[in-house]
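Q: Numbered according to the working numbering, the sequence shown terminates at residue 330, and the numbering increases by one at each position without gaps.
Each residue gets a CB set at the ideal place from its N, CA and C atoms; glycine is no exception.
I have a structure here, written as structure tokens, and I will follow up with some questions on it.
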Amino acid sequence: YCGVGCGIIAKVRDDNIIAVEGDPSHPANRGKLCVKGTTLPQTQDAPSRLLHPEVNGQSVSWDEAISTVASEFKETIEKHGPDSVALYLSGQLLTEDYYVANKLMKGFVGSANVDTNSRLCMSSAVAAYKRAFGEDVVPCEYQDFEQAELFVFVGSNAAWTHPVIYQQIAAERERGAKVIVIDPRRTATCDIADLYLPILPGGDVALFNGLLTYIAMHGYLNQSYIEAHTNGFDDALGRGDISVAEVAAVTGIQERLITRFYEDFCRTEKVLTLFSQGVNQSADGTDKGNAIINCHLATGRIGTAGAGPFSLTGQPNAMG
């Protein structure tokens, strides 16, 4: 589990990887690696590692494997139609691989039955971004970490799940950035937090709707941005109207801590809100994502260096 997509340099001796190190020139990790990356050499001799295709548990050549899949697909399609077959992909694939797989199924076979294990982690965030922007794009990048002045973690224990990102943000905090963690559990990520909000499960929508209300009530709306780049803002504001006291009742967070979070968000120009599976993997994960996105749209803290709603993915190309 990790969506950073670190670049590595492998040291090879006698056709065996003896060590790996982070690639200093890679934009994702800049030379850093976590324990998963540094122990990659151990996987090359793992008994469970597949070195060749298998059909019914038996090792076969690539030609035989491809021929088997092709003949089975052809026979099944002839009997039951194109929707009787499907492809199940992975967020480890490159965007080009995704493109070819989709062309094969949708353009050649004639079926839309293409899915990916990314749905297990990212479908809520994808739906939230599509609802907000019309497409599933994250309006942020790792380089924004260098510019951000406030990092808000929501449902993310990045210290364990995205350790390279966590290390970079910890370094930014040493240089003066603030960190807020919102999570029902006090995780290892809280070790660098300036403020921890122990939210009750299911309280995220109320917390960020409350932030939207607070932004409007205290004069922090970026009216020119709202008029130029949003639709239906007044309706969203009306539907999300909730007081700090009501937020406290729903979330279980003390009012003074809620207000401190709201003030930090409102008074800081460059805010990155980093959310992950604690937000996504829930019945209302999409609504939680949109509640977060709305606060960035309301303040115009999106599409600029160091600011935006940033979903931390489970795999490096989960949203490819």
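At 4 residues or longer, what runs of the alpha helix (DSSP H) sit wholly inside the segment 83-152?
A: Qualifying alpha helix (DSSP H) stretches, in chain order: 105-112 and 129-143.
Q: Could you give the first and the last residue of the continuous alpha helix (DSSP H) run that contains Thr223?
A: Asp214 to Met227 is the extent of the alpha helix (DSSP H) around Thr223.
Q: I need the straight-line Cα distance from Ile27 to Ile76, nearest angstrom please.
A: So the two alpha carbons sit approximately 29 Å from each other.
Q: Assuming Ser128 contacts Gly101 (C-beta within less than 8 Å), just tell me the rounded distance between them.
A: Correct: roughly 4 Å between the Cβ atoms.
Q: Kindly indicate the opening and closing residues of the beta strand (DSSP E) around Lys21.
A: Note, Lys21: beta strand (DSSP E), Ile18 to Arg23.
Q: Comparing alpha-carbon positions, which option in Arg270, Gln157, Ile236 and Asp146 lies nearest Val191?
A: Out of Arg270, Gln157, Ile236 and Asp146, Arg270 has the C-alpha closest to the C-alpha of Val191.
Q: Quick check: the Cα distance between Glu74 and Thr261, rounded to an integer number of angstroms?
A: Using only the alpha carbons, I get a separation of about 57 Å.
Q: Which residue comes first and which comes last in the alpha helix (DSSP H) that contains Thr296?
A: First-last of the alpha helix (DSSP H) with Thr296: Gly295 to Thr309.
Q: For Ala181, which of His90, Phe161, Glu82 and Leu222 has the nearest alpha-carbon?
A: Of the listed residues, the one whose Cα sits closest to Ala181 is Phe161.
Q: Would you identify the three-state DSSP class for Asn290, choosing helix, strand or coil?
A: Helix.
Q: Based on Cα-Cα distance, which residue from Asn304, His228, Arg196 and Gly250 lies nearest to Thr240?
A: Per the Cα distances, Asn304.
Q: Work out the CA separation of Tyr109 and Thr197 for me, nearest whole Å.
A: Answer to the nearest angstrom: the Cα atoms are 38 Å apart.
Q: What number of angstroms, rounded off, separates the C-alpha of Val124 from the C-alpha of Lys113?
A: Taking the straight line joining both Cα atoms gives about 10 Å.
Q: Three-state secondary structure (DSSP) at Val281?
A: Strand.
Q: So which of Glu88, Phe163, Val79 and Val174 has the shortest CA-CA distance to Pro34?
A: With distances taken between Cα atoms, Pro34 lies closest to Val174.
Q: Quick check for students: name the residue ranges of the alpha helix (DSSP H) that lie wholly in the segment 22-59, counting only runs of 4 or more.
A: If we require 4 residues or more, the alpha helix (DSSP H) runs fully inside the segment 22-59 come out as 45-48.
Q: Just list the residues that DSSP pairs Phe163 with in beta bridges.
A: Note: Phe163 sits in a beta bridge opposite Val191 and Leu284.
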